[in-house]
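Heads up, the sequence shown stops at 345 in this note's numbering, and the numbers go up one at a time, no gaps.
Beta carbons are placed, not taken as given, at the ideal position from N, Cα and C, and that holds for glycine.
Structure record follows, encoded as structure tokens.
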Amino acid sequence: MDTGAVPSVLDTRIARKLHLRGRSERVDVPNQTLATERVTVPDVVVGPSPVAELSVIVRDLSLAEEALGTKIDAMIGFDMLGQLAFTIDYETRKLTFGPIDPSFVTVPYSPALTYALVPLHVQQETLAILVDTGASNLVLFQSGIRNCRSSVDIVGRETWTGMGGEMPVAKARLLNAYLGEEAWGQRMAYVLENSANQSSEVEGLLGTVALGRRVAFDPVRRVVGWEPK
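Structure below.
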């Protein structure tokens, strides 16, 4: 379940098992452009709202399997998840569909896009951050922080592996950050140093694990919510 995936992704072996064939397509990810195939999957059921067909791209998801240590057949993205209210409970390892808890802290996301973008305020800059259940950290794109570098303190460097291969990242500390109206103070983040192919309207990723034990999406109110600490 990956709110950062638009469109959804089906593993190559599953597409071949279902005898699905489509057209070639190129998709941009932060560090490169990927050659993919787009196919239509019939009768997709996730939660209470089945869809007659879902347009997805086909990719070898073995790198994601290795990173997470479990088999992955598909990534259901925000093209489908964005139609449903749901809550993720990381402690009980459950995903529940239905109205979200009214006690949650919430931040609105943009109603005009196919994914959930929320405002992150750093210094005097406002960054458009994609809320991503497929990520586990706050990740900023280098191009997005060019005007607030004095509030981003680089403290180390690492290499990550993703769908596009290996990615160099810098570990950073944000000073005086706000998520919407919620004060975050100092917050650890990572800066993706090679993000030339990333859409200019997205300036970073917010892994939902960083928000807390329970995180929710409400497409009716257009908010992301999390359990206050």
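Contact the stretch 224-242 vs the stretch 159-167: 3+ CB pairs below 8 Å: no
T242 burial status per 10 Å Cβ neighbour count (16 or more: buried): exposed
Host beta strand (DSSP E) of L257 (start-end): The question names Leu, but residue 257 is Phe in the sequence shown. Run containing F257: L254 to F257, per the beta strand (DSSP E) assignment.
Residues near E319 in its chain [Cβ-Cβ closer than 6 Å; skip 5 each side]: L243, A244, F257 and G260
Local conformation of K187 per DSSP, three classes: coil
N-terminal and C-terminal residue of the beta strand (DSSP E) that R303 is part of: E298 to L308
Cβ distance (whole Å) where E298 is taken to contact V221 below 8 Å: 6 Å
Of the residues K187, V247, R303 and P123, the one placed nearest V72, counting alpha carbons only: Residue 72 is absent from the model: the chain starts at 117 and stops at 345.
Contact belief for R329 with Y206 at Cβ below 8 Å, rounded distance in angstroms: 6 Å
Close-in-space but distant-in-sequence residues of the same chain around W300 (CB under 7 Å, 5 per side omitted): A293 and Y294
Counted within 10 angstroms of its Cβ, other Cβ atoms place F213 as buried (16 or more) or exposed: exposed
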